[in-house]
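Going by our numbering, 18 is the number at position 18 of the sequence shown; the sequence numbering is gapless.
Beneath this line is the structure, given in structure tokens, with notes to follow.
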Amino acid sequence: MKLGTREIITFLIVLMIPVVSYLLVFRPQNRDIEASLTEISHKRDILRRLQDETSRNADLLEANRRIAERIKKDEARLPSSQGVDEIVRQVSGLAIESGLAPPTLKSLKPLEASVYWELPLEMTTSGTFRGFYEFLRRLERLPRITRVVQMEIKRGRTELKEPEITVKFTMSIYFQQGEGNDG
1 MKLGTREIIT
11 FLIVLMIPVV
21 SYLLVFRPQN
31 RDIEASLTEI
41 SHKRDILRRL
51 QDETSRNADL
61 LEANRRIAER
71 IKKDEARLPS
81 SQGVDEIVRQ
91 VSGLAIESGL
101 APPTLKSLKP
111 LEASVYWELP
121 LEMTTSGTFR
131 GFYEFLRRLE
141 RLPRITRVVQ
151 MEIKRGRTEL
161 KEPEITVKFT
171 MSIYFQQGEG
181 NDG
């Protein structure tokens, strides 16, 4: 078999077809496929993060719902400004029921907070320590929000079976201005 120039050129052209098709067709397609796979991987990663955020948002919505319920419960415990007098009478009654002397009350200037008001009451009473302890326990069980801010306890008469104490403390009653839940 004799190979002439024409046969060699034809043979080289036939050999060049796969090389040229690789360079012009398959290589760009492989680059496109790899770019598409990278993009798919990136989008899956974004989708996974989005699902995580969405589940966290659902958790946050549930947490916000629970917090809103808790705020409503706490606000229900705040009397209106008209209901504060009833709370003061209840506190005074608790002191007497606990065996303490009727307390002297001095109302201080109400302090405004963001949504509620705080009314500090300066109270002075005397009695036994057990009576005062019982008074504090009953005060904690009131369905209203109160707090004892400052307390000063002085020893009184000691010749009795149970020594007396004199207590001066500041108690704050929290309330809503205007309408609220009285009772």
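Heads up, the beta-carbon is just placed ideally off N, CA and C, and yes, glycines get one too.
These figures come from a predicted structure and were not determined experimentally.
query, result
"Exposed or buried, E7, counting other C-beta atoms within 10 Å across all chains shown (16 or more means buried)?", "exposed"
"If you pair each beta-carbon of the region 124–137 with each one of the region 94–107, do three or more pairs fall below 8 Å?", "yes"
"Which of the three DSSP states, helix, strand or coil, is assigned to G183?", "The pLDDT assigned to G183 is 47, lower than 50, so where the model puts this residue is not dependable, and the model offers no usable value."
"Assign P143 to one of two classes, buried (16 or more other C-beta atoms within 10 Å of its C-beta) or exposed (fewer than that).", "exposed"
"Secondary structure at S80, three-state DSSP: helix, strand or coil?", "strand"
"According to DSSP, simplified to helix, strand and coil, what is L60?", "helix"
"Does G127 pass the burial test, meaning 16 or more other C-beta atoms within 10 Å, or should it be called exposed?", "buried"
"Pull the bridge partners of I153 from the DSSP assignment, please.", "V167"
"Identify every residue that forms a DSSP beta bridge with K106.", "E122"
"Let me make sure I understand the geometry here. Which of A113, E62, T5, F169 has the alpha-carbon closest to that of S107?", "F169"
"With a threshold of 7 Å on Cβ separation, who are the neighbours of R77 within its own chain once the five nearest residues in sequence on each side are excluded?", "P143, R144, I145"
"Please report how far the alpha carbon of Q90 lies from the alpha carbon of N64, in whole angstroms.", "34 Å"
"Using only the alpha-carbon positions, how far apart do F11 and G4 sit?", "11 Å"
"Relative to the C-alpha of F175, which residue among V14, R141, L100, D85 is closest?", "D85"
"CB-CB under 6 Å to L15, same chain, minus the five flanking residues each way: which ones, in chain order?", "none"
"Report the three-state DSSP secondary structure of E162 (helix, strand or coil).", "coil"
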